[in-house]
Amino acid sequence: SERMGFQIKGPSCDTASDLFRNNTAHSTLGGMWLEAISSQVGCTGIHNFTTYLHWDFGIITVEGISSSLHFNGLVIADSKHRGLLPLVKGTTLHSYEVLVEDSLFIGQSRPEVCTMCAQSGDPGC
18 SERMGFQIKG PSCDTASDLF RNNTAHSTLG GMWLEAISSQ VGCTGIHNFT
68 TYLHWDFGII TVEGISSSLH FNGLVIADSK HRGLLPLVKG TTLHSYEVLV
118 EDSLFIGQSR PEVCTMCAQS GDPGC
């Protein structure tokens, strides 16, 4: 994909490890555009997701997400603006939680990484 690695309605926290796991997105505008599967779900979860070399965001919840978020086992590297941007929407009467566990965030690799590519089709280029 050229624009977004994944655009998904994220699974509930109860089923996240079974439905969406061990995926990788790289070299796009953004790694993942995440939405809640429905406003009735109390928690949206993503497990074991790797994303790197993005122009914009690693993971973003565009227009806000109306549930708590649970991220586990993320690897986010080399995102130009933000690695993780969890925008939560709702009123002050709602209580939402963003939980990130066992994850690795890498700000920026050295510039030499880009010059190691022999051609644009090489992995990571």
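Heads up: the sequence shown begins at 18 in this note's numbering, then just goes up one per residue. Where a beta carbon is used, it is the ideal one built from N, C-alpha and C, also for glycine.
DSSP places residue 119 in the coil class of the three-state scheme, outside both helix and strand. Distance from the CA of residue 26 to the CA of residue 98, rounded to the nearest whole angstrom, comes to 23 Å.
The shortest CA-to-CA distance from residue 36 to any of 51, 21, 63 is the one to 63.
The closest CA to that of residue 121, considering only 28, 53, 46, 66, is found on 66. Rounded to the nearest whole angstrom, the CA to CA distance from residue 95 to residue 32 is 29 Å.
With respect to the 7 Å criterion, residue 116 and residue 87 are classified as neighbours on the basis of their beta carbons.
Taking residue 113 as the centre and dropping the five residues before and after it, the same chain places the C-beta of 85, 105 closer than 6 Å to its C-beta, in chain order. Look at residue 104 here: in three-state DSSP terms it is coil, with no helix or strand label. Here the alpha carbons of residue 49 and residue 22 stand approximately 6 Å from one another. Note that the C-beta distance between residue 101 and residue 123 is not below 7 Å. Looking at the backbone, the Cα of residue 39 and that of residue 111 are separated by about 31 Å.
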